[in-house]
Each structure stands twice: as C-alpha cells, then as structure tokens.
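Read the sequence shown against my numbering and you will find it ends at 453, with the numbers running on by one and no gaps.
Every residue gets a Cβ at the ideal spot worked out from N, C-alpha and C, and that includes glycine.
Owing to the predicted nature of the structure, the values given are computational and were not obtained by experimental measurement.
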Amino acid sequence: MAVARSTWSPSSWREHDAAQQPDWPSGERVEAVRAQLAAMPPLVFAGEARGLRDALATVAEGRALLLQAGDCVESFHEFSAITIREKLKIMLQMAAVLTYGATLPVVKVGRIAGQFVKPRSSATERVADEELPSFRGHMVNGEAPTLDARRPDPERMLQGYHQSAATLNLVRAFTKGGFADLNQVHMWNQEFVASSTQGRRYEQLASEIERALRFMAAIGVDLRDEPHLNQVDYWTSHEGLLLEYEEALTRRDSLTGDWYDCSAHMLWIGERTRQPHGAHVQFFAGVNNPIGVKLGPTATPEEVLELCEVLDPGRVPGRLTLITRMGAERVFELLPPLLRAVRDAGHPVVWACDPMHANVFATSSGRKTRHFDAVLGEIEGFFAAHMQVGTWPGGVHLEFTGDDVTECLGGSEDVQEAELDARYMSLCDPRLNARQSLDLAFRVAELMRSA
Ligand code: PEP
Ligand code: CO
C-alpha cells in the first residue's frame, strides 16, 4: 500500500495512529508552537537532502560506507562549542580510520542538531511511590524525577529548534572552514585519547596519511585548493518521532515542487514507530529526504517488504536505509532472510548495522550498559550475514560521545562494571567513549578489508 501522493500533506499523518507521542497538556499551545515553527527558516535545504541521497546511493551500490553516529539524545544542558567540536573530532577520526583502512569513501551522518526526542518502553515510570511520566527527551520534558519537570511542555520544541540551528551553524563552520582539512588529521586526536593504545595507533595512521599528502605535493599535485581535502560533508540526522515538530519544518522545494522535511538531512523511523499504517511511516512516505528505518528482532520479511513498498515505491537508490539492530546473539540467524527478501524484490537499500540498541542490559546496581564485545560481535555477525547472502554491508549506526565517559563496558581500556559510576553522564542510553569508538573503527576497517 503506497501513500497517495496527491492527497498527502504534512498534516495528513493526523489521520493515522501515532505511537510514542507526548501527552501534551494543551492542544492549543502545541498548535501555537507548530505555527511559530512553521514560520521559521528551514534548517537544511532540499538540495542538500538530495546531495545526501546521492551519497547514500553510492553506499547502496557497494562503493562507499555509511558512518552514522552521535548521541543517544542531545541535551539542552550540555550545549557548547567544545562538546560539538569533540563529537566532530571523533567522527572525523573514525572516518579517517575507515577511509584509510577500507580504502572506501565514508558518508558521515551525525545523530546531531535535532536528536532531542526518545521513544520509551513505558509511558510512565515509578519513582519512590510516585507514578511519573517518562522522560522523553529535552524537546518534550525534563529528566528530573518530579511531576513538574516531567510535564510535557510544547515550548521546548522552540528551544530544540534554536539549539539545532546553532549546532548546525557551528558544524558547518567546522566542516567547511578548515578544521576538517585532512592536513589537520593529527589535531583531531584528543589529549586523553592520544596516550591510549588506540590513540597511538591513530597517530601512526595519521602520519601515514600525512606522508601520502606530502608525496602528492612533492610530485606536483597542488592540494591547497582541493575541496576533498579541505572540507567534509557532514550530514545531520535524528529520529523523526515528534510529528508536530517534523510537520512544522516540512516545506515544499521551490525547485522541484516536492516536500522535504527541512529539520535534518536524513530522518529515521524508530523500532517502536515503524508500523506501515502508523502515522510515522505515513508521514515520511510523503517527504523526499533520505529515510532510515530501524529493524529489530521481530521484523519479518513481509513487514520489511511492505515498508520498502510504502517508503520507496520508486526504488530510488539512497532513499531508504534499513538499520538492523538484532542483538549480537541472533543477528546471524535473523538477518539473512531479510537481506534475501529485499534483494529479490529489487529494493536498492542501504543496509546499516546498529549494534547498540539490542545489546543493552542492566548491571546488578541497575546501570544500563552495553559491552564492547557485544557491540563488535553484532557488527561481525552483520558482516557474516551479508557475506553469506552476497549483499553489501553498507555501514554502522552508533551511539558515542567525544567525552571521556564510562558508560559501556570493555574495549581496549577494558572498562569494568565497578567503574561505570565514575563518569556515567548519558541522559538515556550508554554511549561508547572516544577510545572505544576509535577502537571500533579500527576493528570495522579490518572487517572491511577481509571482506
Ligand atoms: C535510538 O536509536 O536511540 C533508538 C531508540 O533506537 P531503536 O528505535 O532502534 O530502539
Ligand atoms: Co539510544
């Protein structure tokens, strides 16, 4: 069942069931905020979204890799030039490791500049003897365990918009203004990483890249004005969960007449909101951005094909990215039937592995964590499954931070359970720290090479 383009409008999702929406206290205030947002400038342009679609098409064709990564959820409190720069540094380092290690272009997509809303497994949570609305991300409510903080406040959507705009502005300056120049490849190594095994390994790789650049210069290639060296394309993405917000930022492209959700270059639909007839799928069927869909262990080949049909009836390479999150234990068993079904139906999708969301567990002290070995294990299973079916393991989707946190166990520094409390800062899911992220990039590059 494809969506009728002639009757689709940014508000037609309202005729469908929308899962995971906040219980807003006042419809009128939501509508006032939506109208205000609808009058604000777009955050990205339609032409840029098409640029990302073209880049993702090269991943779908097996000629590039996708690295999509960032925070589980962005925070209104942790918002500074430094946090944005540190996240970008990790992304650039990982991309350098993957590009050099796998000798393939890497399409870099941040979970950034709009990743402010979370789906929750339960609408409420019991704290002491009070039943509170669950924390749904700063664009909806506050994380403090009080009734007051947890009350959804539509005005937060405006703050989310402004923080996204400021974040995107700095990201554009960093990526186009010299910071991301490949000649700076050493500078992206943070101090606290540089002294670690992975940091030293990175230094070595950076020196090799530098030598290659010097070699090119020595034989007379003028690299000073080469945009591929001086600038990077770093695209934005977030889970398209809060439909009033996405509706408000959806605009008709003056060039093509098509609808684009101008809140980010790419939007993804979460595991809990991917019902083919639900409001989220119906909404994103009508916008022309590249769209991702998370697929968990219950996804059947029939469901996945229906999603492909609804979201990409025209089979446009780069339009649809299927992000699987099956768990390290089951990925090799669950993935091949999906890969075969989609391949046989001729859908030119990008396959990405989210090795984070199905590998969460709680420690005995109640901390939500993931083990580095399980994260790596799911990526290995993902590669093995693609190898078996003959499809392209397009990329990875990760939750990391540039900060020196202790949220995930293991990795080359072998973070232990007893250390988790030391620097556990996530508002939601546990993230890989900078060293673990770099470690993972080296491992993925090795997997790519052996593939
Ligand atoms: C997420 O990516 O943060 C998330 C909630 O993922 P999923 O929808 O796969 O559970
Ligand atoms: Co998460």
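Length of the line joining the Cα atoms of P338 and M328: When rounded, the separation of the alpha-carbon atoms in P338 and M328 is 12 Å.
Near the ligand PEP: D431 beta-carbon under 8 Å from a heavy atom: Under cutoff, so the answer is yes.
Heavy atom of the ligand PEP within 8 Å of M358 beta-carbon: M358 Cβ: within cutoff of the ligand PEP.
P121 CB to nearest heavy atom of the ligand PEP below 8 Å: Under cutoff, so the answer is yes.
N45 and Y236 closer than 9 Å at C-beta: The sequence shown places Leu at residue 45, rather than the Asn named in the question. Taking 9 Å as the Cβ cut-off, L45 and Y236 do not qualify as a contacting pair.
Cβ contact (3+ pairs, closer than 8 Å) linking the segment 88-102 and the segment 62-73: By the criterion of at least three beta-carbon pairs nearer than 8 Å, the segment 88-102 is in contact with the segment 62-73.
Whole-angstrom C-beta distance between N185 and L215, which should lie under 8 Å: The C-beta distance from L215 to N185 rounds to 6 Å, short enough to meet the 8 Å contact threshold.
Cβ-heavy atom distance, V111 to the ligand CO, below 8 Å: No, the ligand CO has no heavy atom inside 8 Å of this Cβ.
Residue span of the beta strand (DSSP E) that contains V295, given as start and end: Where V295 is concerned, the enclosing beta strand (DSSP E) stretches over I293 to L297.
Three-state secondary structure (DSSP) of Y262: Here Y262 sits in strand by DSSP.
Exposure of I221, with buried meaning 16 or more beta-carbon neighbours within 10 Å: By the neighbour-count criterion, in which a residue is buried when 16 or more other Cβ atoms sit within 10 angstroms of its Cβ, I221 is exposed.
Closest by C-alpha distance to V407, when choosing among Q418, G316 and R253: If we check each option's Cα against that of V407, Q418 comes out closest.
Any non-hydrogen atom of the ligand CO closer than 8 Å to V295 Cβ: No, since every heavy atom of the ligand CO falls outside the 8 Å radius drawn around the Cβ of V295.
R52, buried or exposed, once every other Cβ within 10 Å from all chains shown has been counted against 16: By the beta-carbon neighbour count (other beta carbons within 10 angstroms, threshold 16), R52 is buried.
Residue environment, I84, which counts as buried when at least 16 other CB atoms sit within 10 Å: Exposed, because fewer than 16 other Cβ atoms sit within 10 Å of the Cβ of I84.
Continuous beta strand (DSSP E) assignments of at least 3 residues falling wholly in the segment 292-364: Correct list: 293-297, 322-326 and 352-355.
Residues of its chain near G288, where Cβ-Cβ distance is below 8 Å and the 5 sequence neighbours each way are ignored: Non-local beta-carbon contacts of G288 in its own chain, meaning distances under 8 Å to residues more than five positions away in sequence, involve V5, R7, W10, S11, P12, S14 and W261 in chain order.
L269 versus F444 - alpha carbon distance: Going from the Cα of L269 to the Cα of F444 covers about 27 Å.
For E249 and D19, the rounded distance between their alpha carbons: Taking the straight line joining both Cα atoms gives about 15 Å.
D356, buried or exposed, once every other Cβ within 10 Å from all chains shown has been counted against 16: Result: buried.
Extent of the continuous beta strand (DSSP E) run through L67: L67 to G72 is the span of the beta strand (DSSP E), which, as asked, contains L67.
Residue closest to L243, alpha-carbon to alpha-carbon, out of R213, A219, V283 and L225: Distances from the CA of L243 to each of R213, A219, V283 and L225 were compared; the closest alpha carbon is that of V283.
Residue environment, S123, which counts as buried when at least 16 other CB atoms sit within 10 Å: So S123 ends up on the exposed side.
Cβ pair P154, W26 closer than 9 Å: Cβ distance < 9 Å, so P154 and W26 count as in contact.
The segment 176-191 touching the segment 222-233, judged by at least three CB pairs closer than 8 Å: Contact between the segment 176-191 and the segment 222-233 is present: three or more C-beta pairs spanning the two stretches fall below 8 Å.
Straight-line Cα distance separating A146 from M160: This sequence places Leu at residue 160; Met is not what is there. Distance between the alpha carbons of L160 and A146: 20 Å.
Enclosing beta strand (DSSP E) for P229 [first to last residue]: Where P229 is concerned, there is no enclosing beta strand (DSSP E), although the alpha helix (DSSP H) it sits in stretches over P229 to N232.
Boundaries of the beta strand (DSSP E) in which V289 is found, first to last residue: Taken as a continuous stretch (DSSP letters only), V289 belongs to no beta strand (DSSP E), as it is neither H nor E.
E249 CB to nearest heavy atom of the ligand CO below 8 Å: Checking every heavy atom of the ligand CO against the Cβ of E249, none is found closer than 8 Å.
Check: E2 C-beta below 8 Å from any heavy atom of the ligand PEP: Residue 2 cannot be examined here, being either before or after the span of the chain that is shown, 3 to 453.
The segment 424-435 in contact with the segment 387-396 per 3-pair CB rule at 8 Å: With the cut-off at 8 Å, the segment 424-435 and the segment 387-396 do not touch.
Element boundaries [beta strand (DSSP E), containing E127]: Its beta strand (DSSP E) spans residues T126 to V129.
Validate contact between the segment 110-122 and the segment 191-210 using beta carbons, cut 8 Å, 3 pairs: Result no; under three Cβ-Cβ pairs closer than 8 Å.
Counted within 10 angstroms of its Cβ, other Cβ atoms place V129 as buried (16 or more) or exposed: So V129 counts as exposed.
Cβ neighbour criterion (16 or more within 10 Å) applied to G49: By the 10 Å Cβ count, G49 comes out exposed.
Reduced DSSP category for M450 - H, G, I as helix; E, B as strand; rest coil: Three-state result, M450: helix.
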